[in-house]
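Undergrad: In full-length UniProt numbering, the protein residues as written are 1 to 92.
All C-beta atoms in this analysis are idealised placements derived from N, C-alpha and C, irrespective of residue type, glycine included.
Dropping a structure here in structure tokens format, bear with me for questions.
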């Protein structure tokens with residue numbers, strides 16, 4: 001199994017057929033999406049707050065490897081725990 005690269009969490013802002021606009025530390029980024037990613041995000045975009053995993057270089061989404069990587073599950077649990085605390089840091 002390929003190991004997941006380091007990532008950060010981005011807030012979903014807007015979906016276009018060719019890219020998704022996300023917010024990371026008050027900066028907007030347009031990240032290209034595949035047809036499959038677009039279809040998936042189209043379903044999810046109705047959620048009031050949607051957080052997406054983004055590569056550290058902020059060039060692509062990491063949706064395709066989330067469900068199969070145990071490291072991601074641990075990092076997401078750590079992120080959720082940090083969100084519940086009085087301070088928060090960048091991603092996992």
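Apply the 10 Å Cβ neighbour rule to residue 49 and answer buried if 16 or more other Cβ atoms are within range, or exposed otherwise.
TA: exposed
Undergrad: What does the alpha-carbon distance come out to for the pair residue 89 and residue 18?
TA: Model confidence at residue 89 stands at a pLDDT of 47, short of 50, so the residue's coordinates are unreliable; what they give is reported in the following sentence. Residue 89 and residue 18: Cα-Cα distance of roughly 29 angstroms.
Undergrad: Pull the bridge partners of residue 19 from the DSSP assignment, please.
TA: 32
Undergrad: From residue 26 to residue 64, what does the alpha carbon distance come to, in whole angstroms?
TA: 25 angstroms
Undergrad: Between the Cα of residue 173 and the Cα atoms of 9, 61, 8, 22, which residue gives the shortest distance?
TA: Outside the modelled stretch of the chain, which goes from 1 to 92, sits residue 173, for which no answer is possible.
Undergrad: Is it buried or exposed, residue 52, if we count other Cβ atoms within 10 angstroms and call 16 or more buried?
TA: Its Cβ being crowded by 16 or more others within 10 Å, residue 52 is buried.
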